[in-house]
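One gets our numbering by counting positions in the sequence shown from 1 and adding 290 to each.
Don't be surprised by glycine CBs; every beta carbon is placed ideally from N, CA and C.
This structure is a prediction, so every number in the text was calculated from the model and none was measured.
Written out below as structure tokens is the structure these notes cover.
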Amino acid sequence: MTEKFRALLIEKTGEGKDAPQSVRLTELTEDDLMAGDVVVDVDYSTVNYKDGLAITGASPVVRRFPMIPGIDFAGTVLRSEHADYKPGDQVVLNGWGVGETHMGGHAARARVKGDWLVPLPGGMTSADAMAIGTAGYTAMLCVLELERHDIRPDRGPVLVTGAAGGVGSVAIALLNHLGYSVIASTGRASESAYLKHLGADEIIDRSELSEKGKPLAKPRWAGAVDTVGGVTLANVLAATHYDGAVAACGLAGGGDLPGSVLPFILRGVTLAGVDSVMASKDKRLLAWGRLADDLDRAKLHAMTQEIGLGQVTQAAEDILKGKIRGRMVVDVKA
Ligand code: NDP
């Protein structure tokens, strides 16, 4: 296939694993893609925190060069050798190492394993699916973990950290729709009106959680969705109610966990890990189905900005600086 399509490409500019990387907008053909049994005409991708790490090279997310970044995409099947998909099917992909070890979604065309795809949920557009993206789907996985640990709305409020970011924004909208009282922790007081519009009942400054605290603190929330990690996660656990649960998915504030076992052994608190990349197909179908039902579309649109491929590099830098509010959708053909 010699037809050209636009793509963002990360390349190494020297020899060896520590060589610097460069990113450019270019034109590729399907010969540049990697093996797979489904070819997708990509409509939209997104900029997630991990894309920020990959494109800036801040962390060694990309493990094969050259690489098209973009850990997720939504589009239409062009050709398929996979039994579950035929041309014209609308599909969503996130995770499985796409944008890390397999050519990703920041391109108008992708070739992937059909097993990695899920059908676009009914009533959802490609643009909606990528407004949700990996961040929103991860927020849903976190809510599913809270439900699995019986954190019902009548048990008490649920805290969301990194509230104005992508995972945080979708988590607030979901939890509010499901009837929870939501406490949003943010470093951006200027986003209070935005967070309240999404469904936050109370807003706290993230500095309340970012300094090393006591191993056990006054119980404040029945559950939490934590995107920050580090000291914040330790403090979140310390202030969780008896038999509460914390879904931990992120490390925007740090990858360590400098806390105590006391919340676990004296209060029966559960720390539930959430990974979106290798989640099973059943879990993915459940999460995407629940997103179709439980995420208010007007709120989704209110938290989303759309950009073209040429603006992705800047967005990647901005997301690592915590400057992006909500979600960033990439129209890969713009
Ligand atoms: P965003 O950058 O959109 O949001 C992160 C938010 O965290 C920021 O908006 C900011 O919120 C807060 N924050 C940033 N830096 C700090 C800091 N130093 N200390 C405290 N808070 C900080 O990223 P996403 O929402 O897309 O992702 C959030 C995290 O979840 C990332 O670490 C990402 O890697 C992880 N993630 C994990 C997945 C998994 O599979 N486990 C999947 C998807 C994401 P505010 O301004 O409101 O304070």
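Per DSSP, the unbroken alpha helix (DSSP H) holding residue 578 starts and ends at 571-584. Counting of Cβ neighbours within 10 angstroms places residue 618 among the buried residues, the total reaching 16 or more. Residue pairing for residue 614: DSSP places it in no beta bridge. The beta-carbon distance between residue 519 and residue 552, rounded to whole angstroms, is 19 Å. This is too long to meet the 8 Å contact definition.
Distances from the alpha-carbon of residue 353 to those of 338, 335, 464 and 308 put 308 closest. At a cut-off of 8 Å, the beta-carbon of residue 476 counts as near ligand 1: some heavy atom of the ligand is closer than that.
CA-to-CA, the gap between residue 401 and residue 320 works out to about 8 Å. Excluding the 5 residues flanking it on each side, residue 342 has same chain C-beta neighbours closer than 6 Å at 606, 609 and 610, in chain order.
When DSSP assignments are scanned along the region 384-429, the uninterrupted stretches of beta strand (DSSP E) that are 3 or more residues long and fall wholly within it turn out to be 399-402. The beta carbons of residue 404 and residue 328 sit closer together than 9 Å. Distance from the Cα of residue 387 is smallest, within the candidate group 566, 572 and 581, for 566. With a 10 Å radius around the Cβ and a threshold of 16 neighbouring Cβ atoms, residue 495 comes out exposed. Boundaries around residue 557 are those of the alpha helix (DSSP H), 552-557, since no beta strand (DSSP E) includes it. Distances from the CA of residue 597 to each of 477, 409, 396 and 516 were compared; the closest alpha carbon is that of 396. Pairing residue 620 with residue 584, the inter-Cα distance amounts to about 23 Å. With fewer than three CB-CB distances shorter than 8 Å, the region 484-501 does not count as touching the region 555-563.
Nearest C-alpha to residue 590 among 332, 579, 316 and 463: 463. Nearest to residue 334 by C-alpha distance, out of 364, 461 and 438, is 364.
Under the Cβ criterion (8 Å, minimum of three pairs), the region 361-378 does not count as touching the region 295-304. Check the Cα spacing between residue 502 and each of 384, 515, 389 and 546: the tightest is with 546. By the Cβ-count criterion, residue 340 is buried, with 16 or more other Cβ atoms from all chains shown falling within 10 Å of its own Cβ. As computed with DSSP, residue 594 is found in a beta bridge with 617. In terms of side-chain proximity, the C-beta atom of residue 340 is found nearer than 8 Å to a non-hydrogen atom of ligand 1. At least one heavy atom of ligand 1 sits closer than 8 Å to the Cβ of residue 453. Distances from the CA of residue 359 to each of 378, 377, 316 and 376 were compared; the closest alpha carbon is that of 316. When the Cα atoms are used, residue 383 and residue 468 turn out to be separated by approximately 26 Å. Look at residue 534 here: in three-state DSSP terms it is strand. Secondary structure within the region 307-369: the beta strand (DSSP E) runs of 3 or more consecutive residues, fully enclosed, are 311-318 and 328-336 (chain order). Within the same chain, 476, 478, 481 and 615 come within 6 Å of residue 454 by CB-CB distance, once the 5 residues on both sides are set aside. Per DSSP, the unbroken alpha helix (DSSP H) holding residue 522 starts and ends at 520-528.
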